[in-house]
Amino acid sequence: MCLGIPGQIIEIHDEQGVAMGTVDFGGVRRSVCLAYVAHEIAPGDYAIVHVGFAISKVSEEEAKRTYALLEEMSQLDELEWLAELTRTSAAEAAPVAPLPERVP
Amino acid sequence: MKYLSEYRDARIAKALAHRIRATASRRWVLMEVCGGQTHTIVRQGIDELLGDAVEMIHGPGCPVCVTPLEQIDRAVALASRPDVTFTSFGDMLRVPGSDCDLQQVRARGGTVRVVYSPLDAVELAQRNPDRQVVFFAVGFETTAPANAMAVWRAHQLGVRNFSMLVSHVTVPPAMIALLEAPDNRVQGFLAAGHVCTVMGWDEYEPIAERYHVPIVVTGFEPVDILEGVLLAVTQLEAGEARVENQYVRSVRREGNTAARELVGRVFRLVDRKWRGIGEIPSSGLAIREEYADFDAELRFGVQDIHANESPDCRAGDVLRGQLKPIDCPMFGNVCTPMHPLGAPMVSTEGACAAYFTAGRLRSPVAGGVQ
Amino acid sequence: MTAISVSGAGAVCPTPTIESERVLLGHGSGGKLSAALLRDHILPWFTSPALRELGDAAVVPISGAELALSTDAFVVSPLEFPGGDIGVLAVHGTLNDLAMVGADPRYITVGFVIEEGLPLATLDRIVASMARSAERAGVAIVAGDTKVVERGKADGLFITTTGIGTFDGTFRAAPTGARDGDVVLVSGPVGAHGMTIMSVREGLGFETELISDTAALHPLVRQLRQAVADDVHVMRDPTRGGVASALNEIAAASRVGIELDEQAIPVDPPVFAACEVLGLDPLYVANEGIFLAIVPASVVDSALAALRAHPLGTRSRKIGRVTGANAGTVWVRTAIGGTRVVDMLPGDQLPRIC
């Protein structure tokens, strides 16, 4: 359910009493209803958009903080999982194992 | 794309999977509630990465899948009317009703259009004052603010030829129904990040406490889902059962209060049937009396259309996590995306279709969950 | 209990078809419904051996020589779109079908079904751009027909074309040619045409800078063939149904498995973004200016170098390999190390918005 995609607010305007705006999704732009985030959003901010409605402002701070933790963890673990990978990759490099029989 | 591509980072995903396997001292059973998460898991092969550490059960969070058969039949009846332009999200077009689906209605001469947003349907009604434009409002809490706004907007602008066939459902009652079932196997939940973006997570705290299950509010990209699984497994290993928020970049505790406010103004809680599951008390939304003019069921008198589901379809067991799609005797032979018996085989988010199109392999123990 | 065999057009498909007494839009999608339409309603009546291979073009003997023949019908809404129009598409599509069997395109014939009310200025623009594309490609449009139908009986303009090509040697490419150990190449980024059309189609309301990739590919094909001394096993332009459907057809026809590396598949950022927003998979989106080449591993480097030396192939990539195992199946190794099978879709890819 609920395909929500982050996009950047380009502009905000009023359409007969409702906040609307243009949102850019990596080069694809669409008119989006901003009524539910109007109080906290400005051009340049990112929002999660679902069926043409911004449902939240993406928190840059939180995103940065949590992503930094993930990166740190992945570096810490890297040696370990690389070792695990090397153990299994011998099997993977062999000629393609047949996919187990698919469901009839 | 910012806030999307970086959460598909293979290095971080593999590290998280490694950490999950290292943390789990036994095999845990988690349910991802949301169909969007099911899609990511199956599409990216995340369950393969989890190995024996975690079994993922795919929950009922696919609005297309749980929309009751009779509601599809009502949609078909409305779309077949010569005066109606029926609008819907794309996925709903292939959901089989008792007699046919909306694509077939179109082939027989009905006017059926896919829209991206419910506001597009309101606009379509404004541009075509001589047509009755009906929008098929399905979805969970995430979609409710959009559909509420469409009704409110049509009311405000006096768009009299717009109405809505509503089949809204809400997540927490379904989670409780699952946990109350005597054969429940779910030990922890990944809650749907976008539902919680709207609703916050207050409602989940009593559930976590009462049933002693960890509930992790989780996003939709591979890194999000793996991190959500890691947080849930860490809680399970420590014997904890809290609500935790993985999707912090989008979800706040209180949700989106402006959205909740309008949803409450336009919709009221009702008992609702879930396809394959049956009626769950206070699990749905319907249009309030003040906005009853925009209720397509009342406007066109289709509320008396009722239907019974195919007894061959075990969608209910799948949606409740009791049966893996590939272990269903109908899967792949009688029931395929070309000829779906039930809705989970139709929607790309549906567990059965996700397994079918991604070519999941038969699980080692056939015959369903023990 | 047999494994699911993936249905190429004409191959036996064990999946029951959607029960419908009428043609659905999905029958035109290039997926399983299209294959079923051919198998159940067209091919039982047409039994020529030249048709049986179901390549992009038929190879027929005439007066001791072999000719390549291809027919195509074009319906696109809107008629004019960023990067081209229905006329350009008709010329390029025909040329490409001939090039995919290894022929040099020579002549094209064209039929116009015009809806009453079509602005003559629109028709003029489309016919002029057809003439330009044909001239640029070095082919002549030598015969044609026009019909006009009542308003409401056609979507502005439909075009049908037939192309004739000749061979200059013994090289013929067919979808049956893929072998265990071969490598799958793609000549450019995927999904541009289909997402361009979807973005400008009324109703979805997206603005993009996408432009269709429509192009005549025979010069690029020639460059590839020269570089590898015709050591090319299969060529296919992945139009409707996209790369996924084209490779499924090849896997079925050649009785091989095909493994793709998801990270190697080139997708331009706006195409990627548009697919994300609508919940679509670029592997199923139509292309009009790229082709898939399956070549022996020994010639991969020279094949890629030749493709990249041509302006239409600068972004050619190796995207996968052919295996003897899992015959009839196409699957993807995902970025995070999982796998998923890439089956043919039953019908149209519908926006996944909810």
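Protein chains in written order, with our numbering: chain A, 445 to 548; chain B, 121 to 490; chain C, 966 to 1319.
Positions of the beta carbon are idealized from the N, C-alpha and C atoms, including for glycine.
Every value quoted in this text rests on a predicted model; they were computed, and no experiment measured them.
Item	Value
Min CB distance residue 489/A to chain B below 8 Å	no
Where the beta strand (DSSP E) containing residue 490/A begins and where it ends	490 to 494
Expected contact under 8 Å - CB spacing of residue 454/B and residue 445/B to nearest Å	Actually they are not in contact, since the Cβ atoms of residue 454/B and residue 445/B sit about 13 Å apart, beyond 8 Å.
Residue 492/A versus residue 170/B - alpha carbon distance	28 Å
Contiguous alpha helix (DSSP H) assignments of at least 4 residues, all confined to the segment 1148 to 1212 of chain C	1157 to 1165 and 1183 to 1192
Bridge partners - residue 365/B, DSSP secondary structure assignment	337/B
Check whether residue 1250/C and residue 1170/C have beta carbons under 8 Å apart	no
Cβ of residue 444/B within 8 Å of any chain C Cβ	no
Three-way DSSP call (helix, strand, coil) for residue 215/B in this model	coil
Limits of the unbroken alpha helix (DSSP H) element including residue 1240/C	1234 to 1243
Distance CB(residue 1252/C)-CB(residue 1204/C) smaller than 8 Å	yes
Close Cβ partners of residue 292/B (< 8 Å) along its chain, the five nearest in sequence each way excluded	323, 324 and 327
Touching by the beta-carbon criterion (3+ pairs, under 8 Å), the segment 344 to 354 of chain B and the segment 287 to 305 of chain B	no
Cβ pair residue 213/B, residue 286/B closer than 8 Å	no
Residue 405/B at chain A interface by Cβ criterion, 8 Å	no
Presumed contact (8 Å Cβ cut-off) between residue 1143/C and residue 1259/C, rounded CB distance	5 Å
Distance CB(residue 464/B)-CB(residue 220/B) smaller than 8 Å	no
Rounded separation between residue 1161/C and residue 382/B - CA only	36 Å
Collapsed DSSP secondary structure at residue 1267/C in the structure displayed	helix
Contacting residues, own chain, Cβ-Cβ under 6 Å from residue 257/B (five flanking each side not counted)	267, 284 and 286
Per-residue burial, residue 417/B [other beta carbons within 10 Å of its own, 16 or more giving buried]	buried
Residue-chain proximity (residue 167/B, chain A), Cβ-Cβ < 8 Å	no
C-beta contact flag for residue 956/C and residue 1151/C at 8 Å	The requested residue 956/C is not part of the displayed model; chain C covers only 966 to 1319.
Cross-strand partners of residue 1060/C (DSSP beta bridge)	Per DSSP, none; premise fails for residue 1060/C.
Test item: CB-CB of residue 245/B and residue 304/B under 8 Å	no
Beta-bridge partners of residue 450/B, as assigned by DSSP	Answer is none; residue 450/B lacks a bridge partner.
Contact set for residue 1269/C: own chain, Cβ-Cβ below 6 Å, skip 5 residues either direction	1281
Where residue 272/B sits in the DSSP three-state scheme	helix
Inside the segment 359 to 407 of chain B only - alpha helix (DSSP H) runs reaching at least 4 residues	377 to 386
Residue-chain proximity (residue 388/A, chain B), Cβ-Cβ < 8 Å	Lying outside 445 to 548, the shown extent of chain A, residue 388/A is not represented and no answer is given.
Cα-Cα separation, residue 1032/C to residue 1024/C	6 Å
Residue 426/B, DSSP secondary structure in three states	coil
Nearest neighbour of residue 421/B, chosen from 132/B, 197/B and 124/B [CA to CA]	197/B
At least 3 beta-carbon pairs within less than 8 Å: the segment 333 to 348 of chain B vs the segment 497 to 504 of chain A	no
DSSP three-state assignment for residue 303/B, whether helix, strand or coil	coil
Collapsed DSSP secondary structure at residue 507/A in the structure displayed	helix
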